[in-house]
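Engineer: According to UniProt numbering, the residues represented by the sequence shown are 1 to 128, in order.
Glycine included, each C-beta is placed from N, C-alpha and C at the ideal position.
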Amino acid sequence: MPKNFHFDDAGNLTFFDFDFAGKGLLVNDLMSFFVHFFMHVYTGRLKNEEADRMFAVFVAAYRETRAVSNDELKAIPYLGVGFWIFYLGFQHEHFDDWSNLFFGPKFIKDRVALIKVWVDKYGVSGFI
């Protein structure tokens, strides 16, 4: 999964705000970092409380450099649905380019299940 951040060996975070080298919502970059924590909770590597705490620390530090409104943060769960659907489509469209053996019925079923967990967990209405 593409990431716009990097942790070095000392645990320092570098955040790349490239947004596909185009104009778009900056909160999408924060959403992709939120997805990082969601995946760690989903796979059992982090507890939800710790992920929430870490994301809050990140947002506080981010706000020291760039403004982000509470409404933008509230949009993250909805933008996340778009993220998952976009990458599912991206993986499908580029199947022949990458010869991805993982992309098949089981992967699609598992990914749709993951999207449903996201939708249920964050109370995103109007999807799935």
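Quick one: which unbroken alpha helix (DSSP H) runs of 4-plus residues sit fully inside the stretch 47-85? Chain order, please.
Structural biologist: 48-63
Engineer: Less than 8 Å between the CB atoms is what I'm expecting for Ala-56 and Val-41, so what's the real figure, rounded?
Structural biologist: Not a contact, Cβ separation roughly 14 Å.
Engineer: Have a look at His-92, Asn-70, Ile-76 and flag the residue whose alpha-carbon is nearest the alpha-carbon of Arg-32.
Structural biologist: It is Ser, not Arg, that sits at residue 32 in the sequence shown. Nearest C-alpha to Ser-32: Ile-76.
Engineer: Identify whether Leu-13 lies in helix, strand or coil by the three-state DSSP scheme.
Structural biologist: strand
Engineer: Where do the N-terminal and C-terminal ends of the beta strand (DSSP E) with Phe-7 fall, by residue?
Structural biologist: 5-7
Engineer: Look at the alpha carbon of Lys-109 and the alpha carbon of Trp-118, and state the distance between them as a whole number of angstroms.
Structural biologist: 14 Å
Engineer: Quick check on the DSSP output: what are the complete alpha helix (DSSP H) runs of length 4 or more inside the stretch 92-120, in order along the chain?
Structural biologist: 95-98
Engineer: What does the alpha-carbon distance come out to for the pair Glu-49 and Arg-111?
Structural biologist: 24 Å
Engineer: How many whole angstroms separate the CB atoms of Val-68 and Val-124, which I take to be in contact at a CB cut-off of 8 Å?
Structural biologist: So it is not a contact: roughly 19 Å between Cβ atoms.
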